[in-house]
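*Asks:*
Residue numbers (the working numbering): 145 to 457.
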């Protein structure tokens, strides 16, 4: 099944800290002029380096928290303390778009799927304290810290383990809660900000309106953007409520919708508008935040050094 529209413009690329070297820069690329390409590559490299450093510092801090807990005799840990953080970066819309022939023969591909989509909802997570006596659970919580809603200096509220290994390690590494909380999400914050700005890009909004009008003319009303067409096709097979359509009928409707979508996307030049909006909004984000990102790198290098000292002690 093609990925067209399913992920949309908020597509995120997982970037592992171990695959990005904070001391290297990306090579310039793209079709822009040499100076523009070098500037864009430099800005993108700054963001990638900052996110990689953040992941390394966060992961080292998590290990320091675990070490502190183990020094107190605990061998079971909360999942969030033992996993490797791998943050996200904005990524350009995929060029792997649905073709007219694919739409005519298979629609979006849902009719060929044999596995029902995983329903959304909270997953059952293993309890790291399972099997511990109540007294041991209480000791564990005291050692880690009391989960508390704290108000940060910015006025933002955050859930934080106060008064134990968690807070002690974080404050030792980052200096204060605020810095830790802000740098914890530096990658997702950038990705979300760019995705939101892309959706409000005037040229893309205009293209969406053209697409919507075209789709209405082909009998598919009440669709504002291509992602909604894909969602509608999915619900022919797996409705949120009520019975699904017979498979043959669902496939016919899916193909009709996909054929109209491909035609209208081409007429409205949706992919071109998405690519242009992506480039414009990434450039704007980097221009607005590059100075802060460079400063964050210095903070993160210092934090990583302190975390490594804790682990070595």
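For each residue, glycine too, the CB sits at the ideal point set by N, CA and C.
Within the segment 339 to 422, note down every full alpha helix (DSSP H) run reaching 4 residues or more, in order along the chain.
*Replies:* With a minimum length of 4 residues, the continuous alpha helix (DSSP H) runs that stay inside the segment 339 to 422 are 346 to 361, 370 to 381 and 391 to 412.
*Asks:* Name the residue from 422, 330, 367 and 228 whose alpha carbon lies nearest to the alpha carbon of residue 190.
*Replies:* For the residues 422, 330, 367 and 228, the minimum Cα distance to residue 190 belongs to 330.
*Asks:* Within the chosen definition, does the segment 419 to 430 reach the segment 337 to 344 through at least 3 CB pairs nearer than 8 Å?
*Replies:* Output reads yes: the segment 337 to 344 touches the segment 419 to 430.
*Asks:* Bridge partners for residue 306 per DSSP, in chain order?
*Replies:* According to DSSP, which records beta bridges pairwise, residue 306 is partnered with 290.
*Asks:* By the three-class DSSP mapping on this structure, what secondary structure does residue 313 have?
*Replies:* DSSP places residue 313 in helix when its eight states are reduced to three.
*Asks:* Reducing DSSP to helix, strand and coil, say where residue 182 ends up.
*Replies:* Because residue 182 carries a pLDDT of 45, less than 50, the predicted location of this residue cannot be relied on, and no value is offered for it.
*Asks:* Determine contact between the segment 441 to 455 and the segment 192 to 205, defined as no fewer than three beta-carbon pairs at a distance below 8 Å.
*Replies:* Yes, since at least three Cβ pairs between the segment 441 to 455 and the segment 192 to 205 fall closer than 8 Å, the two stretches touch.
*Asks:* Mind checking who residue 301 pairs with in its DSSP beta bridge?
*Replies:* Beta-bridge pairing links residue 301 to 295.
*Asks:* Taking 6 Å as the limit between beta carbons, can you name the residues of its chain near residue 325, skipping five residues before and five after?
*Replies:* Excluding positions up to five away in sequence, the list reads 302.
*Asks:* Give me the Cβ distance between residue 381 and residue 236, rounded to the nearest whole Å; I'm assuming they're in contact under 8 Å.
*Replies:* About 30 Å; that fails the 8 Å criterion.
*Asks:* In whole angstroms, what is the alpha-carbon distance linking residue 362 and residue 377?
*Replies:* Cα to Cα, the separation comes out at about 15 Å.
*Asks:* For my contact list, residue 306 and residue 290 are in at a C-beta cut-off of 8 Å; report their separation, rounded to the angstrom.
*Replies:* 5 Å between Cβ atoms; contact.
*Asks:* Examine the Cβ distances between the segment 206 to 223 and the segment 339 to 350 and report whether three or more of them are shorter than 8 Å.
*Replies:* Counting Cβ pairs under 8 Å, fewer than three are found: no touch.
*Asks:* Should the segment 238 to 246 be called in touch with the segment 347 to 363, which here means at least 3 C-beta pairs below 8 Å?
*Replies:* The segment 238 to 246 vs the segment 347 to 363: no contact.
*Asks:* Specify the secondary structure class of residue 324 as computed by DSSP and reduced to three states.
*Replies:* Reduced to three states, the DSSP call for residue 324 is helix.
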